[in-house]
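S.K.: Last residue of the sequence shown: 325 (the numbering used here), numbering continuous. No residue lacks a Cβ here, since even glycine has one placed at the ideal position from N, Cα and C. None of these values were measured; they are calculated from a predicted model.
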Amino acid sequence: MWWWYGRRSKDRGMVWACVSILASLCLPETAGGLFAQASATDDEDWGTLVAVTAVRGSTAKLPCSINSPHLEEPVLLVLWYKNASVTPVYSYDSRGREGNMRGGGRPQQWGDEEAWGVEQRAWFDTTTTPAHLLVRDVRGRDEGNYRCKVHFKASPSWSQRITLNIKDPPGFPRIQDESGRRLEGPIGPYEDGSSIRMMCLSSGEPPPGLVWGGRGTLQGKATSVEIESNLATTWMTVVASRATADTTITCSTTNASVSSGIMNSVSTTLRVNLPPLEVRLEAPGEWVSGGQQTSFRCRVVGSSPEPVVQWWLAGRQLSASAPL
2 MWWWYGRRSK DRGMVWACVS ILASLCLPET AGGLFAQASA TDDEDWGTLV
52 AVTAVRGSTA KLPCSINSPH LEEPVLLVLW YKNASVTPVY SYDSRGREGN
102 MRGGGRPQQW GDEEAWGVEQ RAWFDTTTTP AHLLVRDVRG RDEGNYRCKV
152 HFKASPSWSQ RITLNIKDPP GFPRIQDESG RRLEGPIGPY EDGSSIRMMC
202 LSSGEPPPGL VWGGRGTLQG KATSVEIESN LATTWMTVVA SRATADTTIT
252 CSTTNASVSS GIMNSVSTTL RVNLPPLEVR LEAPGEWVSG GQQTSFRCRV
302 VGSSPEPVVQ WWLAGRQLSA SAPL
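Put into structure tokens, the structure is as follows:
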């Protein structure tokens, strides 16, 4: 007898699985700009820490030395990681092209669309010393901790750590949490029912007005705008829930001298972990015949992210490598 499972529909939160056994139980698991650099201490596991600051909208230059301690030894692979991600956001791959680094055998470069967009704002420039990951039109969501890991043909691999800070021009808003961490682009996921307190701030002379907005159902309340020196701040608390999942929250600066009233805006999208609304095992009929192949479907609706569906039979978890 055989079974298959784990096929996902295109609708978020819905999973279909099918099993060909006599009886079954399924369980889901919701499972050009301003650049400043400053060296810090060395770390034998992660390499030297370099701080880079870039003005929003400019090009950030993240350094990464690709020179081997042995002359003429080529670099084979450079992988860029961001924050705690275990999958790279950028790669430079010259494997099989070691003898053609300059010419027809150009290394392959790849960038993650979720990080850099379909326009691919990042490019690894090896014509400078050190080499640099160039990120054009930098945004607040580009801010974070990066690591480049360099692999050579024979020498040991090594890593370089880079912290990228984005400087907002006057009159541009910034959304951050209580710890000061910038909130821009997708954030979370947060647990259902948790509260997220966020601040929007902007500087200017005179300080701009600030207004909250959003798409979707926004269950939050903005406090009044506070002015101190040339800095304007306002707070909002949002409850993570099914109603606010995937909501886009926007903070905008306003000025009466601008015809539309809105000068600049920044937004963040709330991701929420949600349990299934429904888990249903569907059989072809009320009765099944012994010794005959029968198909069952497990339908899971309303979970986020997509759940992992497990199949069990008589207290034993089923897997493709362990047939009945």
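Let's see if you can read the secondary structure: which residues bound the beta strand (DSSP E) around Ala233?
M.R.: First-last of the beta strand (DSSP E) with Ala233: Leu232 to Val240.
S.K.: Can you check which of these residues, Glu179, Pro190, Arg142 and Pro157, is closest to Ser242 by C-alpha distance?
M.R.: If we check each option's Cα against that of Ser242, Pro190 comes out closest.
S.K.: Who are the Cβ neighbours of Gln121 in its own chain at under 6 Å, not counting the five residues just before and after it?
M.R.: Within the same chain, Gln121 has close Cβ partners Gly112.
S.K.: Given Ala116, which residues of its chain have a CB within under 6 Å of its CB, disregarding the five upstream and five downstream residues?
M.R.: Excluding sequence neighbours, Ala116 sits near Val90.
S.K.: Looking only at DSSP bridge pairs, what is Asp178 linked to?
M.R.: Paired residue(s): Met199.
S.K.: In the DSSP assignment, the beta strand (DSSP E) including Ala132 goes from what residue to what residue?
M.R.: Run containing Ala132: Ala132 to Val136, per the beta strand (DSSP E) assignment.
S.K.: Does DSSP put Gly141 in a helix, a strand or coil?
M.R.: Residue state, collapsed to three classes: helix.
S.K.: Give a yes or no on whether the C-beta atoms belonging to Met264 and Thr248 are separated by under 8 Å.
M.R.: Not in contact: Met264 and Thr248 (Cβ atoms no closer than 8 Å).
S.K.: What do you reckon, is the C-beta of Val309 under 7 Å from a heavy atom of the ligand ATP?
M.R.: No copy of the ligand ATP occurs in the structure displayed, which carries no ligand at all.
S.K.: Measure from the alpha carbon of Gly215 to the alpha carbon of each residue in Pro187, Ser268, Pro207 and Pro174, then state which is nearest.
M.R.: Out of Pro187, Ser268, Pro207 and Pro174, Ser268 has the C-alpha closest to the C-alpha of Gly215.
S.K.: Closest by CA to Pro108, which one among Tyr93, Val119 and Gly118?
M.R.: Minimum Cα distance to Pro108 is reached at Tyr93.
S.K.: Would DSSP call Trp117 helix, strand or coil?
M.R.: In this structure, Trp117 counts as helix in the three-state DSSP scheme.
S.K.: For Thr127, name the three-state secondary structure that DSSP assigns.
M.R.: Three-state result, Thr127: coil.
S.K.: Nearest CA to the CA of Ser204: which residue from Ile176, Leu135 and Ile163?
M.R.: The option with the nearest alpha carbon to Ser204 is Ile176.
S.K.: Pop quiz: Glu279 and Arg298 are said to be a contact at Cβ under 8 Å. What is the actual Cβ separation, rounded to whole angstroms?
M.R.: Wrong, their Cβ atoms sit about 13 Å apart, outside the cutoff.
S.K.: Quick check on Pro308: buried or exposed, where buried means 16 or more other Cβ atoms within 10 Å of its Cβ?
M.R.: Pro308 should be labelled buried.
S.K.: Would you mind working out which of Ala132, Gly118, Val79 and Thr54 sits nearest Pro64, comparing C-alpha positions?
M.R.: Answer by Cα proximity: Ala132.
S.K.: Would you kindly work out how many angstroms separate the C-alpha atoms of Ile67 and Leu314, rounded to a whole number?
M.R.: Approximately 53 Å between the Cα atoms of the pair.
S.K.: Within the continuous beta strand (DSSP E) that includes Thr327, where are the two ends?
M.R.: Outside the displayed span of the chain (2 to 325) sits residue 327, for which this structure offers no information.
S.K.: If the criterion is Cβ atoms closer than 8 Å, does the pair Ser59 and Val139 meet it?
M.R.: Yes; because the gap between Cβ atoms is below 8 Å, this pair is in contact.
S.K.: Tell me, please, which residues DSSP counts as bridged to Ala55.
M.R.: Its beta-bridge partners are Ile167.
S.K.: Between the C-alpha atoms of Thr238 and Gly118, what's the straight-line distance to the nearest angstrom?
M.R.: Approximately 29 Å, taken between the alpha carbons.
S.K.: So who's on the other strand from Ile67, going by DSSP bridges?
M.R.: None; Ile67 has no bridge partner.
S.K.: Helix, strand or coil: which one does DSSP assign to Trp352?
M.R.: The displayed coordinates of the chain run from 2 to 325. Any statement about residue 352 would go beyond what the structure contains.
S.K.: In three-state terms, what does DSSP make of Arg300?
M.R.: Three-state result, Arg300: strand.
S.K.: How many angstroms separate the CA atom of Tyr82 from the CA atom of Asn274?
M.R.: Each residue's alpha carbon lies about 24 Å from the other.
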